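Colleague: My questions all concern the structure below.
Numbering (the numbering used here), first residue to last: 59 to 120.
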């Protein structure tokens with residue numbers, strides 16, 4: 059379903075956010091540059107990584 063939505067110009071996120079079920083599709087949809095920007099913002103506001111760990115990114119940033 060997510061692949062079909064993206065093929066039609068849709069997105070995997072909506073009013074309920076990403077969460078565990080859609081993390082893989084977010085990374086495939088937005089690309090490396092956007093993921094890097096999001097990680098930077100996350101690191102700025104949550105340097106210890108304690109707020110909703112694993113809800114937006116599949117793996118811990120090294």
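From the three backbone atoms N, C-alpha and C, an ideal C-beta is built for every residue, glycine too. This structure is a prediction, so every number in the text was calculated from the model and none was measured.
For a quick check, are the C-beta atoms of residue 91 and residue 100 less than 8 Å apart?
Modeller: no
Colleague: Measuring only the C-alpha atoms, how far is residue 107 from residue 61?
Modeller: 29 Å
Colleague: Can you tell me whether residue 103 is helix, strand or coil according to DSSP?
Modeller: helix
Colleague: Determine the closest residue to residue 67 out of 82, 88, 81, 80, with distance taken between C-alpha atoms.
Modeller: 88
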